[in-house]
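Numbering (mature numbering (1 follows the signal peptide of the UniProt record, and there is no 0)), first residue to last: -21 to -1, 1 to 231. C-beta atoms are modelled at their ideal positions from N, C-alpha and C, and glycine is treated no differently. A quick write-up on the structure given underneath.
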């Protein structure tokens, strides 16, 4: 920054006589004017228009442009230096070994711990887990692992002030389950074409009135409730609410 000021001080000294800056051959006076120009603190020249000197306008324009670029570069370098996450990542520690243990429900769970060593904690920290296999038909392909804790449906937020336990349920959709016992995809109940086009997630519809529900439990409660109303209102059996076979199977 000072080097730029010093270089332009020499240029100002060259245009002293035609522009009437009255430096009187003093480089220090030219340096002062160069610093005032670059720092935009105001001019101390006898004539702020430099006696309508063209060379003074050229030097002034050049120094203003160089100052803008220099300030932008310095701010960019400082921001890049301060926002670099390499050193910050070194303060986040993981447990040396992950374990698989049975939970209170008897199901196996994959778990490990993570903690932040610095006093100032990360804001909005989240965790994601991926599985990479070195054998089988999906070699070197990352598979996403659903997390029970922290709940990935909520974004898997982390509070790193204390050691946090990360838990993944090993079920038939988990990449850790043996291939002979796992399903490649999650089950998706069939949707009506209009629901699929509109993005509706109501998976079950009443065959009598067409009302849709998220779960079979809600559908069954709707049908059972309306069966009583249909009987009271004298609705013919062929038009009354009836349980579909799959709902009757779930109820049984």
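Item, Value
"Distance between beta carbons of residue 106 and residue 129, contact taken as under 8 angstroms", "7 angstroms"
"Separation of residue 11 from residue -20, as counted between CA atoms", "12 angstroms"
"Sequence-distant residues of its chain with Cβ nearer than 7 angstroms to residue 122 (five each side left out)", "109, 110 and 154"
"Limits of the unbroken beta strand (DSSP E) element including residue 95", "87 to 95"
"Inter-residue spacing [alpha-carbon to alpha-carbon] between residue 120 and residue 50", "45 angstroms"
"Pairwise C-alpha distance: residue 78 and residue 85", "15 angstroms"
"Supposed close pair residue 13, residue 29 - CB separation, criterion 8 angstroms", "Rounded, the Cβ-Cβ distance is 14 angstroms, inconsistent with contact."
"Residue 123 in three-state terms, based on DSSP", "strand"
"Member of 149, 142 and 98 whose CA lies at the smallest distance from the CA of residue 72", "142"
"Distance CB(residue 27)-CB(residue -17) smaller than 8 angstroms", "no"
"Three-state class that DSSP yields for residue 107 in the structure shown", "coil"
"Burial state of residue 99, where buried means 16 or more other Cβ atoms lie within 10 Å", "exposed"
"Supposed contact pair residue 80 and residue 90 - C-beta distance, whole angstroms, cut 8 angstroms", "7 angstroms"
"Per-residue DSSP class, three states only, for residue 187", "coil"
"Inter-residue CB distance, residue 38 and residue 7 (contact presumed, cutoff 8 angstroms)", "Actually they do not touch by this definition, with Cβ atoms about 18 angstroms apart."
"DSSP state of residue 2 mapped onto helix, strand, coil", "coil"
"Helix, strand or coil at residue 224 according to DSSP, with G and I counted as helix", "helix"
"Alpha carbon of residue 54 to alpha carbon of residue 87, nearest angstrom", "52 angstroms"
"Which residues DSSP lists as bridging residue 81, in chain order", "87"
"Rounded C-alpha distance that separates residue 156 from residue 212", "53 angstroms"
"Identity of the residue in 112, 57, 147 and 43 nearest residue 82 by Cα", "147"
"Distance between beta carbons of residue -4 and residue 32, contact taken as under 8 angstroms", "5 angstroms"
"Buried versus exposed call for residue 208 [16 or more other C-beta atoms within 10 Å across all chains shown]", "exposed"
"Distance between beta carbons of residue 221 and residue 187, contact taken as under 8 angstroms", "7 angstroms"
"Three-way DSSP call (helix, strand, coil) for residue 146 in this model", "strand"
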